[in-house]
Every structure is written in C-alpha cells, then in structure tokens.
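As structure tokens, the structure follows; a few thoughts come after it.
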Amino acid sequence: MSAPVLMEASRARMASARAERSLPMGATMSAAQAQAERAQHFERRMHAVERIRERAAARGENPPSVEQILDQLSAPLYPRAIFGIGPPASCQPELLVERLLSNVGEPGTA
C-alpha cells in the first residue's frame, strides 16, 4: 500500500470527523442518537479502509491489516479530532505511515 494513499485516507478521515461532530447551534442529540452516529461513522471508516486495502492487494501490494492501520495510523490522530487539538505537525502523518509500512508482516504488529 503506498504511503500517499494512506496519507490521503488519513487526512480525509480527520476532515470527516471534524465535520461530522459539529451540530447546528442549539441542536441536541440523545445518547442513543450519538451512539448510533458513532457506530455509523466507524462502519464507514472501516469500509473505506477495507476498500483501500483491496485496491492495494489488486496492485500486488501487501497491505497492512485493518488492525495495524487502526492501531498505528488512525489511533494517534483521533485524540486530535475528539479533543479539538489542532492538526498534527506537518511531518507526523508521514512518520506514522512510514512506521506502519515498515512493520507490515512483522510478528506482533497485527
């Protein structure tokens, strides 16, 4: 799986998360609605990750597992989206992708 593809997917997820968590002023959401929204959001993200993995495999690449992508690429970025922290340093996404791709296929990295 190429680093630019993973970078683009990561940036798209962060932008999507920011857009989806904002409600119009004065709007309220019940706990059940919020849970349903989170579940739908997560499901959409997992489908997007799986499509990226399928395209990489079709090109003959050895894509990382979904678990590796979540643990090594997505997880470090979510606190920024959840807590409204600014974007990562310009080099951080590239470093995360490099680390993810360098660990593909190694024992204990799934």
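Following my numbering, the numbering of the sequence shown begins with 324 at its first residue and continues without gaps.
In this text, a Cβ means the ideal position worked out from N, Cα and C, and glycines have one as well.
CB of residue i within 8 angstroms of CB of residue j, strictly
| i | j | result |
| --- | --- | --- |
| L423 | Q391 | yes |
| E377 | V389 | no |
| L393 | P411 | no |
Proximity to residue i [Cα-Cα], best of the options
| i | options | result |
| --- | --- | --- |
| I375 | P387, F365, H364 | P387 |
| Q395 | R382, A381, S425, H370 | S425 |
Neighbour-count burial assignment, residue i, 16 or more Cβ in a 10 Å radius
| i | result |
| --- | --- |
| P402 | exposed |
| S353 | exposed |
| S397 | buried |
| A433 | Confidence at A433 is low in this model, with a pLDDT of 44, below 50, so its placement is unreliable and the value that follows should be read with caution. Its Cβ having fewer than 16 others within 10 Å, A433 is exposed. |
Contact with chain C by residue i, beta-carbon distance below 8 angstroms
| i | result |
| --- | --- |
| V427 | Although the question refers to chain C, the structure presented lacks it and comprises just one protein chain. |
Length at least 4, wholly inside the stretch 353-379: the alpha helix (DSSP H) runs in chain order: Within the stretch 353-379, no alpha helix (DSSP H) run of at least 4 residues lies entirely inside it.
Jot down the residue ranges of each uninterrupted alpha helix (DSSP H) in the stretch 386-418, minimum 4 residues, whole runs only, in chain order. Within the stretch 386-418, the complete alpha helix (DSSP H) segments of 4 residues or longer fall at 401-406, listed in chain order.
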